[in-house]
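First comes the structure, then the notes that go with it.
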């Protein structure tokens, strides 16, 4: 009966359904308390999923019904997640069926500690307790759960060190401990969990270096270590994580050079190294990260030039290089034509002019700098430049030229069309001049304003009765683009 629109309380009479084996009520709008004797007569129940409802009152006795579930000797799945359950996990939870595979109680209002006796549930492979108010330490006994695969304790108030015994659960593929108050170092035993795919230790108080053994996790896809106090270098072995899609080590105390081996992580989509003390240059090997979408190197001590080959990263949407010591010119090809100037410590007015020029050209032709039409060899700037002056009418977005029926002589109409063409050519020239590669060759703002005023005078001279009227779509919605 899951994923329906059921509402109201669970009837107490349900506990009399002695032959019931499977009860799925998840994703409804069921409210109130769970009958305290729910499992008293349903001894053959093996699946109970009450997740994603409005059960519970946030009170201490909300989970008292778990006592009755100890009679369900075949119970394998217990889903309590995303409700309003409060109080502590009852001590009787450790007496549930030894066949229990999955225990999901995340996203509730549970408090207290994680009971050490949970290690009695030796067949658990799924233990989800995230987004509650649990406090205390992770019990050392958790290492007895050798079949664990999914462990989510994130966003609680857990503290103390991460127990070394966690490495005994070698089958874990997702370990989420982020958003707690853990301290100490990353336990060395974690290197035993070779099938790890997601590791989230972010937003804690962890210290020490990132271990070189991190390179052993060849299946690792997501690694979140942000907002801790890790020190030392980012190990070269990070380049062995060939399946890595997201790496976030931001807001730590990492130093040294950014390892060039990151260029081997060809599946990277998000790389966040910001707010550390990395030094040296941006590795040229980053140009190999063809699928990268977000790259944040801000708030470090990086120097040197921005590698020109980064312009070939056509999927890059978010780039932040601000608050470093970078020098030289910004690459203007490819994706850089679409990026804002968050490059150095100071605002660059020439950068603003460049952005304005690109925007002007975008509006005229109705295409973004990242359009497939443009490559590292022919940018939006070059595309428009080669059209000057004879082919400007060929590249202008036809939606900007509206046909309006009128009466008049052909000679007069031809004169008006010629003036419109003159305006378009002048606008393209300004866009090209603003987006020149060299900072020194770009127009200053006074020249831009003067040029646009002249164009306005010519345009208004065309009159409102012309057969073709240029309409600049500078609405709040912006230009329609392909």
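Numbering (our numbering), first residue to last: 756 to 1237. All C-beta atoms, glycine included, are put in the ideal place defined by N, C-alpha and C. As the structure is a prediction and not an experimental result, all values here were calculated from the model.
Residue environment for residue 1141: exposed (fewer than 16 other C-beta atoms within 10 angstroms of its C-beta). Put simply, of 1134, 899 and 1046 the residue whose alpha carbon is nearest the alpha carbon of residue 1187 is 1134.
As for any beta strand (DSSP E) of minimum length 3 sitting wholly inside the segment 999–1075, the runs are 1001–1003, 1008–1012, 1025–1027, 1032–1035, 1049–1051, 1056–1059 and 1073–1075, ordered along the chain.
DSSP places residue 1149 within a helical segment (H, G or I) once states are collapsed to three.
In the DSSP assignment, residue 822 falls within the unbroken alpha helix (DSSP H) covering 821–824.
Setting aside the 5 residues that flank it on each side, residue 857 is surrounded in the same chain by 832 and 881, each with a C-beta closer than 6 Å to its C-beta; the list follows chain order.
Following the DSSP letters along the chain, one finds residue 1137 inside the alpha helix (DSSP H) bounded by residues 1135–1140. Here residue 845 is buried, its C-beta having at least 16 other C-beta atoms within 10 Å. Pairing residue 1004 with residue 981 gives a Cβ-Cβ distance under 8 Å.
Residue 874 sits close to residue 897, with the two beta carbons spaced by under 8 Å. The DSSP assignment places 802–804 and 832–834 as complete runs of the beta strand (DSSP E) inside the segment 799–839, in order along the chain (cut-off: 3 residues).
In the DSSP assignment, the residues bridged to residue 914 are 936. Within the segment 853–915, the runs of beta strand (DSSP E) at least 3 residues long that lie entirely inside it are, in chain order, 857–859, 864–866, 881–883 and 905–907. The shortest C-alpha to C-alpha distance from residue 1075 to any of 1110, 1029 and 1038 is the one to 1029.
With fewer than 16 other Cβ atoms from the protein chains shown falling within 10 Å of its own Cβ, residue 1021 counts as exposed. In this structure, residue 863 sits near residue 838, with a CB-CB distance shorter than 8 Å.
Going by C-alpha positions, residue 1205 is about 16 Å away from residue 1177.
Residue environment: residue 1213 is assigned as exposed (fewer than 16 neighbouring CB atoms within 10 Å of its CB, all protein chains considered). Pairing residue 1085 with residue 1059, the inter-Cα distance amounts to about 11 Å. Your pair residue 769 and residue 800 does not check out as a contact, with CB atoms roughly 11 Å apart and the cut at 8 Å.
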